[in-house]
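Asks:
Protein chains: 4
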Amino acid sequence: MFDPTSLHGIIPPICTPLTEDGEVDVPSVHTLVEHLLAGGVHGIFALGSTGEFALLTSQQRQALLDAVIAAVRGRVPVLAGILDTSTSRCVERGLAARAAGADAVVLSPIYYFRASQQELIHHFRAVRAAVGLPLLAYDVPTAVNVKLEVGTIKQLAEERVIVGVKDSSGVVDAFRHMLLATRGTDFRAFTGSELIVDACLRMGAHGSVPGLGNVFPAEYVRIYDLARTRDWEGAAAIQERLLACFYELIAQGDPGYSASSSALGGFKTGLKLKGAIAGTRVAAPLHSFGPAEEERVADVMRRFGFL
Amino acid sequence: MFDPTSLHGIIPPICTPLTEDGEVDVPSVHTLVEHLLAGGVHGIFALGSTGEFALLTSQQRQALLDAVIAAVRGRVPVLAGILDTSTSRCVERGLAARAAGADAVVLSPIYYFRASQQELIHHFRAVRAAVGLPLLAYDVPTAVNVKLEVGTIKQLAEERVIVGVKDSSGVVDAFRHMLLATRGTDFRAFTGSELIVDACLRMGAHGSVPGLGNVFPAEYVRIYDLARTRDWEGAAAIQERLLACFYELIAQGDPGYSASSSALGGFKTGLKLKGAIAGTRVAAPLHSFGPAEEERVADVMRRFGFL
Amino acid sequence: MFDPTSLHGIIPPICTPLTEDGEVDVPSVHTLVEHLLAGGVHGIFALGSTGEFALLTSQQRQALLDAVIAAVRGRVPVLAGILDTSTSRCVERGLAARAAGADAVVLSPIYYFRASQQELIHHFRAVRAAVGLPLLAYDVPTAVNVKLEVGTIKQLAEERVIVGVKDSSGVVDAFRHMLLATRGTDFRAFTGSELIVDACLRMGAHGSVPGLGNVFPAEYVRIYDLARTRDWEGAAAIQERLLACFYELIAQGDPGYSASSSALGGFKTGLKLKGAIAGTRVAAPLHSFGPAEEERVADVMRRFGFL
Amino acid sequence: MFDPTSLHGIIPPICTPLTEDGEVDVPSVHTLVEHLLAGGVHGIFALGSTGEFALLTSQQRQALLDAVIAAVRGRVPVLAGILDTSTSRCVERGLAARAAGADAVVLSPIYYFRASQQELIHHFRAVRAAVGLPLLAYDVPTAVNVKLEVGTIKQLAEERVIVGVKDSSGVVDAFRHMLLATRGTDFRAFTGSELIVDACLRMGAHGSVPGLGNVFPAEYVRIYDLARTRDWEGAAAIQERLLACFYELIAQGDPGYSASSSALGGFKTGLKLKGAIAGTRVAAPLHSFGPAEEERVADVMRRFGFL
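Chains as they are written, first to last, in my numbering: chain A, 379 to 685; chain B, 379 to 685; chain C, 379 to 685; chain D, 379 to 685.
Below you can see the structure in the form of structure tokens.
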């Protein structure tokens, strides 16, 4: 039986490898999972933003999650994103994740409509009750237009509705406030701020869900290990190298396409260059990289000594 | 065979009546459709924002659309919203709408992720090609975080990818710019700015998709008819009465809940008071009105002489 | 004695002509005022956004206002913007405007800090009491980050603190709501939405403060006159021509510079081409047009038949 | 001669004490300066946001700066904010600061209008050249609506136009990126993120400009000193206590007033309770605290053991 209070460390939001015709590339899911586990990651988060969950059909989401769970074979916990636009839809996604064998589920505020904090408290309670798996909150206001307030997270934690949080808000002050408000409990806090993971661990975060950790799992695990030994200089040195690389990696998409496609293309090209996935396709309508964009990413990787 | 160039007039974004346990209330769909048709509306738009599409499961969406099409019995065109978060998901929704018998489909930019205008052009082209029904663009930036630029709409219109637009952007300048850019063609432009419908008709809009038109279909049809005769004073008088009522109707929800729940609850209570639907339930996690809130809406309706 | 209830019609927010070394070009102020009065404008608004008030020193603001008042010689009312970042600073500006002989003053919410509606009510009261001139509210949320709510405007109008409003919010629904809320009183409402002036007049606005009216005063006066005779077709025809020209006129700045510099450069080049001012300089740090940009504006003017 | 490369440590953005009639309370400036210096601060930043610069008249700004410089008597460097809405206005403020004897000046992007990064580069160059004092950039996008990009700061640093930056953007990722981009040079970076000062020092910041440091100068200096000895646990313990207090301290204003007035009132009441200033008046139109609000702040201070 999975114990959610044991969640810790580096839990990358796994990319969803796609074939040329846009379906889940199951063999690449297996190589990607091995790449992550070889890096020492402590868990895998499937169907997050970096996993392009919003761009996949229900069948594709299911295929991805099944493939990840099959590939992981229980070696680390698998968390499944169940973000959607209503309580009923999130419950459906949660039940599917449970049937697939996920260890825990991850839920944000609904999107398209903007719910109030009070409505979100009802939402989290209802999804938790219906799904019956450990639940983590996902704070990602740039995508869903609503911030989970510290008071909301605290209340849901005290009610044992949520066992933890993934904070991708970028509002570090509020994240630290939340860390303080839940300290001394079993609550688990993970940062999605992939460029200041060392700092967040210093503040008391239990780990990170770094998109860039797809490409550099071993480096993030090393940051985590150094932080455990309180070697903040060492942790910072690696984090800084990743930070400098990150800003170039995500900036190689052709003009006219979205920032998301440039970031996803950068990550997927990095993975392809490392042999972890077969192709760099991103789901439509986001743009997929062509050879020139991939070559620019390769240049970045070489320049930073990662190839 | 449906001719999309014949689209015109008042096409309310029909509310989705729900039972106490949150399922589509099919008998109420029939009474609501009769209420709208008795008001003289020229079409019905199912599964828009006012129709709570984002709060419904796929099965519920299907049930709603089937019920609407069955109730309408071809008396007016039925447009179906197929908004979703990726090209593949929108195609799935479009094919379902086609199978159900919708006359045309309505598509916004994807949400959750933010696509570029260039990516959206690909998106609209791909959905149109796969679905094979007349397609209208839906500009609703407050929900999807991206505005459809005039140039994008113009290009899609020239390519015959879209036959029209529903503008809920609130950016009246740009709407007028778009009207000018497509004048003299078959392109059909509808405003979702339900409080300035007369002004938009004056500018050349072909009609409106007013959420408030659920409650007041005859009044909106009267605005449209007066506009056709160029009686702008008469049209304005009705529009002003609706405007004053609107701001109070949507403001009766209890504090602590979202603006969307207050607006939807106001509309649904208005419909219940008029006998058009049985109950005021709104899908979770949005708040559903209780008796006190319904009573406040009744007060508003009485005060404005609508009861 | 100036009667503010007589305010009406087209009141352009006059551009501030600058010399090559960035000082107020007094001779051009005189030719520009004559250009506007020859067009038949009903008033002049100095030191608004289009007048670059925020880019001018206190001495330059004084020089501009003195020059405008001297040039106008009482032929039409002169309104002076007194926007600033605190009550004390706005009072200083108001007293200076009064000393210079302005007929009325125009005040927005403070900027830099964001005041609450309650704080703004105190602000308007205090400035009105200290300055002793008729006061108009200026709603310009994109610049000051705060919207004047309809309830705030209504309360200030009922207290006789403000005699009118210039609405540059772009939120036409709320503008119409405000028109209804103040109808039947002496309150005067002007729209800054320069591309839908005819529609706003139809809704009951008393006039407009169109930035584009610097270049095309006679055309805007013609819109106003046609609206007075309820010739909405005629008014719309002119407005549409101006709208189409506007979007090109403001888009000729070189890449890398701000939208404001492109718009101000477009207006000033239009004025130079019409012989109304000597040069197109815009105050730093905004970009001033060079010959290539001016030439592109000339092309636009010729293409639309305005040269 | 002041050496800007020596700037370091805790440099509070000093509050502006006001008398009951809203003028600068010069005696309180002196007691406040002594309070800060007794706490060990390494510099004082006058006329920043916390100093209500935007709410003061030019005379009041001058009076405040004169009083601060007189009170400091050269014991630490005095930085003066010269934020304004145009190049010419900032130059005026800069020359006044220089005449008053400031050691360095601090400049943000212009507000009201939004300049492009290219225009801002011209702006900083022009102000630096005209004023002739060491210049720091101030990144405060929530107030001025424009973010200083890392590339802009880097270019200005390489040109020696700016000697440092105060980052109040809250975007910690970008701040760290900037720290890396300027490492190994004389450039000095200070964080305004007063709740994560320890983390920013760990990342390489040279110090902080914490608004809360008005009330707790010794505590912030202790954080800085512990960081210098790499005692991150000790630094965090103090920072966490300040963080918890902060969120309550700034939340005691009556409903209906702005967040800024609640924060400024909280700081000033804290200072009054410590005997550092005589009164809690905030400049209009922002709200000034009454006795009940002050009492709630006193409760907070007692609860956290700071009284």
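No residue lacks a Cβ here, since even glycine has one placed at the ideal position from N, Cα and C.
Just so we're clear, the structure is a prediction, and the values are computed from it rather than from any experiment.
For Ala654 of chain C, would you say it is in contact with chain B, using Cβ-to-Cβ distances shorter than 8 angstroms as the test?
Replies: Not an interface residue.
Asks: Please report the distance separating the alpha-carbon of Lys544 of chain A from that of Thr428 of chain A.
Replies: The straight-line gap from Cα to Cα measures roughly 13 angstroms.
Asks: Compute the distance between the beta-carbons of Gly421 of chain A and Leu461 of chain A, then report whether it is under 8 angstroms.
Replies: Taking 8 angstroms as the Cβ cut-off, Gly421 of chain A and Leu461 of chain A do not qualify as a contacting pair.
Asks: If distances are taken between C-alpha atoms only, which option among A:Ala493, A:Val446, A:Arg680 and A:Ser486 comes closest to Pro405 of chain A?
Replies: Nearest C-alpha to Pro405 of chain A: A:Val446.
Asks: Under the three-state reduction of DSSP, which class applies to Lys532 of chain B: helix, strand or coil?
Replies: Reduced to three states, the DSSP call for Lys532 of chain B is helix.
Asks: With a cut-off of 8 angstroms, does the C-beta of Leu590 of chain A fall near any C-beta of chain D?
Replies: Not one chain D Cβ lies under 8 angstroms of Leu590 of chain A.
Asks: Does any CB atom of chain D fall closer than 8 angstroms to the CB of Pro663 of chain C?
Replies: Pro663 of chain C counts as touching chain D.
Asks: DSSP three-state label for Tyr516 of chain C, please.
Replies: Strand.
Asks: Thinking just about the alpha-carbon of each residue, which of B:Arg561, B:Lys646, B:Leu410 and B:Pro512 is nearest to the one in Glu672 of chain B?
Replies: If we check each option's Cα against that of Glu672 of chain B, B:Lys646 comes out closest.
Asks: Please name the residue in C:Glu470, C:Leu557, C:Pro663 and C:Leu649 whose C-alpha comes closest to that of Thr409 of chain C.
Replies: Comparing Cα positions, the closest option is C:Leu649.
Asks: Taking 7 angstroms as the cut-off, is the C-beta of Met679 of chain D nearer than that to any heavy atom in the ligand COA?
Replies: Questions concerning the ligand COA fall outside what the structure shown contains, since it holds no ligand whatsoever.
Asks: If you draw a straight line from the C-alpha of Val593 of chain C to the C-alpha of Leu526 of chain B, how long is it?
Replies: Approximately 29 angstroms, taken between the alpha carbons.
Asks: Pull up the DSSP beta-bridge partners for Thr569 of chain A, would you.
Replies: Bridge partners of Thr569 of chain A: A:Asp545 and A:Ser586.
Asks: Extract the residue ranges of the alpha helix (DSSP H) inside the stretch 601-631 of chain B, only unbroken runs of 4 or more that lie entirely within it.
Replies: You should have 610-627.
Asks: Have a look at A:Val549, A:Asp609, A:Ala477 and A:Val528 and flag the residue whose alpha-carbon is nearest the alpha-carbon of Ala441 of chain A.
Replies: Ala441 of chain A has its Cα closest to that of A:Ala477, out of A:Val549, A:Asp609, A:Ala477 and A:Val528.
Asks: Quick check on DSSP: helix, strand or coil for Leu385 of chain B?
Replies: Here Leu385 of chain B sits in coil by DSSP.
Asks: Using DSSP's beta-bridge definition, name the partner residues of Gly459 of chain D.
Replies: Gly459 of chain D pairs with D:Val484.
Asks: Sort B:Val587, B:Ile616, B:Pro633 and B:Tyr598 by Cα distance to Val484 of chain B and report the nearest one.
Replies: Here the closest residue by C-alpha is B:Val587.
Asks: Please name the residues in the stretch 490-504 of chain C whose beta-carbon is closer than 7 angstroms to at least one beta-carbon of chain D, in chain order.
Replies: Listed by position along the chain: Tyr490, Phe491, Arg492, Ala493, Ser494, Gln496, Glu497, Leu498, His500, His501 and Ala504.
Asks: Throw me the rounded Cβ distance for the Ala662 of chain D and Ala504 of chain C pair, which I believe falls under 8 angstroms.
Replies: About 6 angstroms separates the two Cβ atoms, so the contact holds.
Asks: Tell me the DSSP secondary structure of Phe423 of chain A in three-state form.
Replies: DSSP places Phe423 of chain A in strand when its eight states are reduced to three.
Asks: For Ser466 of chain B, which residues in chain A fall below 9 angstroms Cβ to Cβ?
Replies: Going along chain A in sequence order, the residues near Ser466 of chain B (Cβ under 9 angstroms) are Gly400, Leu433, Leu434, Thr435, Gln438, Ala661 and Ala662.
Asks: Below 8 angstroms on the Cβ atoms is my contact criterion, and I expect Tyr490 of chain B with Ala432 of chain A to pass it. Report the Cβ-Cβ distance as a whole number of Å.
Replies: Between Ala432 of chain A and Tyr490 of chain B the Cβ distance is about 4 angstroms, and since that is below 8 angstroms, they are a contact.
Asks: Please check the pair Gly459 of chain B and Phe502 of chain B, which I expect to be a contact at CB under 8 angstroms, by giving their CB distance rounded to whole angstroms.
Replies: Not confirmed; about 14 angstroms, so no contact.
Asks: What is the DSSP secondary structure of Leu664 of chain C, reduced to helix, strand or coil?
Replies: Coil.
Asks: With 7 angstroms as the limit, tell me which residues of the stretch 574-586 of chain C have their beta carbon closer than that to any beta carbon of chain E; keep them in chain order.
Replies: Any reference to chain E falls outside this structure, whose protein chains are A, B, C and D.
Asks: Among B:Thr397, B:Ile540 and B:Glu572, which has the Cα closest to the Cα of His555 of chain C?
Replies: Of the candidates B:Thr397, B:Ile540 and B:Glu572, the one whose C-alpha sits nearest the C-alpha of His555 of chain C is B:Glu572.
Asks: Give, in chain order, every residue of the stretch 535-564 of chain A whose Cβ lies closer than 8 angstroms to some Cβ of chain D.
Replies: Of all residues in the stretch 535-564 of chain A, Gly548, Val549, Val550, Asp551, Arg554, His555 and Leu558 have a Cβ within less than 8 angstroms of some Cβ in chain D.
Asks: Which residues, taken in chain order from the stretch 612-624 of chain D, show a beta carbon closer than 8 angstroms to some beta carbon of chain A?
Replies: Answer set for the stretch 612-624 of chain D: Ala614, Glu618, Leu621 and Ala622.
Asks: With a threshold of 16 other CB atoms inside 10 Å of the CB of Asp517 of chain D, please say whether the residue is buried or exposed.
Replies: With 16 or more Cβ atoms within 10 Å of its Cβ, Asp517 of chain D is classed as buried.
Asks: Exposed or buried, Gln437 of chain C, counting other C-beta atoms within 10 Å across all chains shown (16 or more means buried)?
Replies: Exposed: under 16 other Cβ atoms inside 10 Å.
Asks: When DSSP labels each residue in this structure, what does Leu511 of chain B get in the three-state scheme?
Replies: Coil at Leu511 of chain B, not helix or strand.
Asks: Just checking, does the stretch 597-616 of chain A make contact with the stretch 381-399 of chain B on the three C-beta pairs under 8 angstroms criterion?
Replies: Cβ pair count under 8 angstroms is below three, so no.
Asks: Alpha carbon to alpha carbon, what distance is there between Pro595 of chain C and Thr520 of chain A?
Replies: Going by the C-alpha atoms only, they are around 43 angstroms apart.
Asks: Consult DSSP for Val539 of chain D and reduce its assignment to one of helix, strand or coil.
Replies: Val539 of chain D falls in the coil class under three-state DSSP.
Asks: Using CA coordinates, which residue listed in D:Arg680, D:Ser666 and D:Arg681 is at the minimum distance from Asp399 of chain D?
Replies: Among D:Arg680, D:Ser666 and D:Arg681, the Cα nearest to that of Asp399 of chain D is on D:Ser666.
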